[in-house]
Structure formats: structure tokens, C-alpha cells
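Trainee: Count along the sequence shown from 1, add 4, and you get the number used in my numbering. Positions of the beta carbon are idealized from the N, C-alpha and C atoms, including for glycine.
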Amino acid sequence: MTFGSKFPRRNLPAVVGALACLLAVGPVGSLAQDAATAVPPPPSGSVSGFGDVNLFPKRVVINGARDIANVGLYNKTNETGDYEIKIVDMAMRPNGDIIAFDNGLDEQTKARVKVASSMLRYSPRRVTLRGSESQIVRILARADANLPAGEYRSHFTVTSLPETEGFSIQSAVGVQTPDGIGVTIRPRFGIAIPVIVRIGATTLDVGITNATVLTARDGSKAVALTVTRSGSRSAFGDIVVKAAGASSPIAISRGVGIYPELDSRQVIVPIFPETDPRFLTAGTRLTIEFVDDDYAPGNKLAEHVFTVP
């Protein structure tokens with residue numbers, strides 16, 4: 005099977021990227037260094053976006069109606085930055101994209117999400133970090149005693165704020181040109197991680213179907229599949245593809261999630277370029293495993309065996 009364009013990037017554990025109006029949280033320790041020195045590596049287990057901020061851990065899971073979790077915010081540059089912090093409600097689409105409620109999401113999709121935003125408390129709403137400085141933020145979950153058992157979720161988002169010193173309407177509009185008026189655009193980069201609150205007993209059943217091998221125009225290959233989910237809990241883990249006779253996996257996609265609002269989602273796992281072509285020839289048996297990295301890390305959530313056509 006030929007895939008028309010280059011494969012999408014591997015699934016990330018968290019939603020990261022340029023967010024026009026999103027957010028995050030935090031106070032505590034600092035790692036400030038002189039701007040002339042090299043920036044230290046980000047904290048272990050953190051995730052980063054297109055901007056200058058890392059968040060750690062990559063996701064937050066709170067078990068119980070009353071609990072506290074910590075989230076770290078780290079400025080990975082040498083420059084001081086201002087950051088806006090929010091809790092945002094978002095939904096996952098079948099292709100894995102995660103969309104904010106206020107970004108044109110339809111009401112039917114919103115209704116399928118059990119949001120946690122009403123039970124989460126955090127502060128501050130804005131923070132300034134020097135280069136290489138970090139700050140720990142506490143999130144307090146306080147759920148109603150009568151809340152039904154299940155999994156509730158919102159997203160902890162941090163957005164960098166552009167410098168405003170010396171910035172005016174005149175400078176934003178820019179100089180007038182013969183064709184009209186020039187406009188200065190200052191992008192805002194953000195990053196978000198899920199905050200999951202689990203109340204009472206939750207259930208989960210995962211399956212893998214519709215597996216096939218794709219070939220891109222440049223000759224690179226990937227395994228496409230559908231992950232199915234049922235129950236009251238999300239699935240989160242690593243997809244590992246093994247070939248009969250190979251000493252190690254031929255493809256791994258880490259941090260693949262499927263939230264309770266979905267019954268299934270499509271996933272594409274790029275095959276390692278160094279894979280011996282004989283492991284992808286017609287008739288080769290491939291095994292796909294979905295390994296838990298959440299509720300019971302290391303447990304196999306699902307397995308699917310198929311033959312390369």
C-alpha cells in the first residue's frame with residue numbers, strides 16, 4: 005500500500021506545539037544560570053513544544069477525589085520569559101489530534117468529554133522565569149462527593165507571552181506601503197499536558213485492528229493500525245512492532261494515548277530506516293503490541309499478529 009505523503013510525526017504523550025491561547029501552572033525551585041553559560045538539559049521526563057518551555061512530568065494522573073499533584077515549568081533558554089497559565093478543556097479526535105473546546109469544536113464532541121476543570125485549583129495565573137529557571141506548581145483536585153466513578157480530564161497549558169515593552173499600535177501596524185499597511189505578527193507558543201482525575205473504580209479494554217504496511221513516496225515505510233478502546237478509563241502506552249526472526253523491534257511509538265471520548269483512533273508508526281528489508285517482504289509475520297505506561301506499566305494491553313501482504 006502506498007501512502008501519498010510523508011508519514012505524520014510520531015505520536016507525542018502530550019499535546020505540544022504552537023497554541024494561540026493556551027496555558028499551564030507553577031511555583032518553587034530555581035536553576036538560574038548566567039546568560040552567557042550553556043543552558044542545562046531539561047528535567048528528565050519533561051516534554052517540550054515549539055517555544056522555550058518544558059513541562060514535567062509529561063502527564064498528570066490524580067487518583068481520588070481529594071489530592072495534590074505537582075507540575076514543573078522550565079525555561080530552557082538563556083532569556084527571561086513571561087508565561088500565562090490556564091486549565092483548558094480539550095477533546096481528542098480519531099486521528100489523535102487534540103482540540104480545545106473554544107477552537108471550533110462541535111457540541112456533540114464536547115459532550116463526550118468528562119472534564120476535570122471545575123474540580124481543579126491552581127496558582128499563579130502568570131509567572132516570570134529567568135533563563136534556565138524552573139518552578140514547581142501544585143494542582144489541587146477537589147471533586148464533589150457525589151461525583152460518579154470514572155475518568156475526568158482537562159489540560160494544563162502554558163503559553164509564552166510576547167514582550168510588550170516599547171511595543172505600540174504604531175509599531176504593530178508598521179509603516180504604510182504603496183499596497184496597503186504592513187502588520188507585525190508576534191506568535192505565541194504554548195505547550196499542554198493532560199491532567200487526569202480518576203474517581204472510584206475504572207475499567208479498560210484495548211484492541212488492535214486494521215494493521216497494514218504503508219510505503220511513502222520516498223521509500224520509507226510505516227505500520228498503520230487502529231487502536232480500539234472501551235471502558236471508563238483512557239489507554240496510554242507504547243506501540244511496539246516486532247518481525248518474526250528479528251532480534252529487536254522494527255518500530256516503536258511511545259506515549260500513544262486514546263481518551264474515553266473515543267472508541268478508536270488511527271495510529272501510524274514509522275518503521276526504523278535501518279530495518280532489514282527482508283523483514284518487510286510479503287509473507288513476513290509482524291506482531292504489534294500495545295504496552296501500558298499508565299495504570300500498570302509494562303502490562304500488555306493488546307496484541308495483534310498480521311502477515312505482510
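(1) Helix or strand or just coil, what does DSSP make of THR81?
(2) If you drop the 5 nearest sequence neighbours on each side, which residues of the same chain put their C-beta closer than 8 angstroms to that of ASP267?
(3) Please go through the same chain and pick out, in chain order, the residues whose beta-carbon is closer than 6 angstroms to the beta-carbon of LEU144, but skip the five residues on each side of it.
(4) List the residues that DSSP assigns as beta-bridge partners of PHE310.
(5) Kindly indicate the opening and closing residues of the beta strand (DSSP E) around GLU155.
(6) Measuring straight from C-alpha to C-alpha, what distance separates THR311 and SER138?
(7) Quick one: give me the first and last residue of the beta strand (DSSP E) that THR219 is part of.
(8) Can you tell me whether ALA36 is buried or exposed, with buried defined as 16 or more other CB within 10 angstroms of its CB?
(9) Candidates ALA149, ILE195, THR84 and ARG70: which alpha carbon is nearest LYS90's?
(10) On the three-state DSSP scale, how would you describe ALA247?
(11) Using the Cα positions of ASN303 and PRO253, report the straight-line distance between them to the nearest angstrom.
(12) Who pairs with GLY241 in a beta bridge, going by DSSP?
(13) With respect to the beta strand (DSSP E) encompassing ALA228, which residues constitute its N-terminal and C-terminal limits?
(14) With a threshold of 8 angstroms on Cβ separation, who are the neighbours of VAL309 within its own chain once the five nearest residues in sequence on each side are excluded?
(15) Got a sec, what are the start and stop residues for the beta strand (DSSP E) THR113 sits in?
(16) In the structure shown, what three-state DSSP assignment does PRO277 receive?
(17) If distances are taken between C-alpha atoms only, which option among GLU155, VAL131 and ILE212 comes closest to TYR120?
(18) Pairing CB atoms from the segment 126-134 with CB atoms from the segment 71-86, are three or more of them under 8 angstroms?
(19) What would DSSP say about ASN303, mapped onto helix, strand or coil?
(20) Under DSSP, the beta strand (DSSP E) around ILE254 begins and ends at which residues?
(21) Pair every Cβ in the segment 61-71 with every Cβ in the segment 196-208, then say whether three or more of these pairs are closer than 8 angstroms.
(22) Do the CB positions of ARG157 and LYS114 come within less than 8 angstroms of each other?
(23) How about ASP56 and THR81: are their beta carbons less than 8 angstroms apart?
(24) For ASN99, count neighbouring C-beta atoms within 10 Å of its own C-beta (all shown protein chains included) and say buried if the count is 16 or more, exposed if not.
(25) Can you tell me the Cα-Cα spacing of ASP209 and ILE243, whole angstroms?
(26) Among ALA95, GLY85 and GLU88, which one has its Cα closest to the Cα of SER238?
(27) Is ASP297 buried or exposed, if buried means 16 or more other CB atoms sit within 10 Å of its CB?
(28) With H, G and I counted as helix, E and B as strand and the rest as coil, what does DSSP make of ASP122?
(29) With VAL295 and GLY241 assumed to form a contact (beta carbons below 8 angstroms), what rounded beta-carbon distance in angstroms separates them?
Mentor: Reading from the atomic positions:
(1) The residue you call residue 81 lines up with position 77 of the sequence shown. The three-state reading of DSSP puts THR81 in coil, since its state is none of H, G, I, E or B.
(2) To locate residue 267, count along the sequence shown from 1; it is residue 263. Here the set comprises THR232, ARG233 and SER234.
(3) Numbered from its first residue, the sequence shown carries residue 144 at position 140. These residues qualify, in order along the chain: ILE72 and ARG125.
(4) Position 306 of the sequence shown holds residue 310. In DSSP, PHE310 forms a bridge with LEU290.
(5) In the sequence shown, counting from the first residue as 1, residue 155 sits at position 151. Taken as a continuous stretch (DSSP letters only), the beta strand (DSSP E) holding GLU155 covers 154-165.
(6) Counted from its first residue, the sequence shown places residue 311 at position 307. Counted from its first residue, the sequence shown places residue 138 at position 134. Answer to the nearest angstrom: the Cα atoms are 49 angstroms apart.
(7) By one-based count along the sequence shown, residue 219 stands at place 215. Segment 209-220, the beta strand (DSSP E) holding THR219.
(8) As a working mapping, residue 36 is identified with position 32 in the sequence shown. Note that ALA36 has pLDDT 33, beneath the 50 cutoff, so the model's placement of it is unreliable and no number is given.
(9) In the sequence shown, the residue the question calls residue 90 occupies position 86. Nearest option by C-alpha distance: ILE195.
(10) Along the sequence shown, read from residue 1 onward, the residue named residue 247 stands at position 243. If DSSP states are grouped into helix, strand and coil, ALA247 belongs with the strands.
(11) The residue labelled residue 303 in the question sits at position 299 within the sequence shown. The residue labelled residue 253 in the question sits at position 249 within the sequence shown. Between ASN303 and PRO253, the C-alpha separation is close to 17 angstroms.
(12) The residue given as residue 241 occupies position 237 in the sequence shown. Note: GLY241 sits in a beta bridge opposite VAL260 and ASP296.
(13) As a working note, residue 228 is residue 224 in the sequence shown. Run containing ALA228: 225-234, per the beta strand (DSSP E) assignment.
(14) Taking the sequence shown and counting its residues from 1, the one referred to as residue 309 is at position 305. The residues are ARG289, LEU290, THR291 and ILE292.
(15) Along the sequence shown, one-based indexing puts residue 113 at 109. No beta strand (DSSP E) holds THR113; the alpha helix (DSSP H) holding it covers 111-115.
(16) Taking the first residue of the sequence shown as 1, we reach residue 277 at position 273. PRO277: coil per DSSP, three-state reduction.
(17) Locating residue 120 in the sequence shown gives position 116, where the first residue counts as 1. For the record, residue 120 in the displayed sequence is Ala; it is not Tyr. Nearest C-alpha to ALA120: GLU155.
(18) yes
(19) Within the sequence shown, residue 303 is the residue found at index 299, counting from 1. The answer is coil: DSSP assigns ASN303 none of H, G, I, E or B.
(20) Residue numbering aside, residue 254 sits at position 250 when the sequence shown is read from its first letter. Segment: none, ILE254 is in no beta strand (DSSP E) and carries neither H nor E.
(21) yes
(22) Within the sequence shown, numbered from 1, the residue matching residue 157 stands at position 153. Within the sequence shown, numbered from 1, the residue matching residue 114 stands at position 110. Not in contact: ARG157 and LYS114 (Cβ atoms no closer than 8 angstroms).
(23) As a first step, residue 56 must be located in the sequence shown, where it is residue number 52. As a first step, residue 81 must be located in the sequence shown, where it is residue number 77. A contact, by the Cβ cut-off of 8 angstroms.
(24) What you label residue 99 is simply residue 95 of the sequence shown in a count that begins at 1. Result: exposed.
(25) Working through the sequence shown from its first residue, we reach residue 209 at position 205. Working through the sequence shown from its first residue, we reach residue 243 at position 239. The alpha-carbon atoms of ASP209 and ILE243 are separated by roughly 15 angstroms.
(26) Mapped onto the sequence shown, residue 238 falls at position 234. The shortest C-alpha separation from SER238 is found at ALA95.
(27) Taking the sequence shown and counting its residues from 1, the one referred to as residue 297 is at position 293. Flag for ASP297 reads buried.
(28) The residue labelled residue 122 in the question sits at position 118 within the sequence shown. Note on residue identity: the sequence assigns Ser, not Asp, to residue 122. It is helical.
(29) As a first step, residue 295 must be located in the sequence shown, where it is residue number 291. As a first step, residue 241 must be located in the sequence shown, where it is residue number 237. With a Cβ gap of about 5 angstroms, VAL295 and GLY241 count as contacting.
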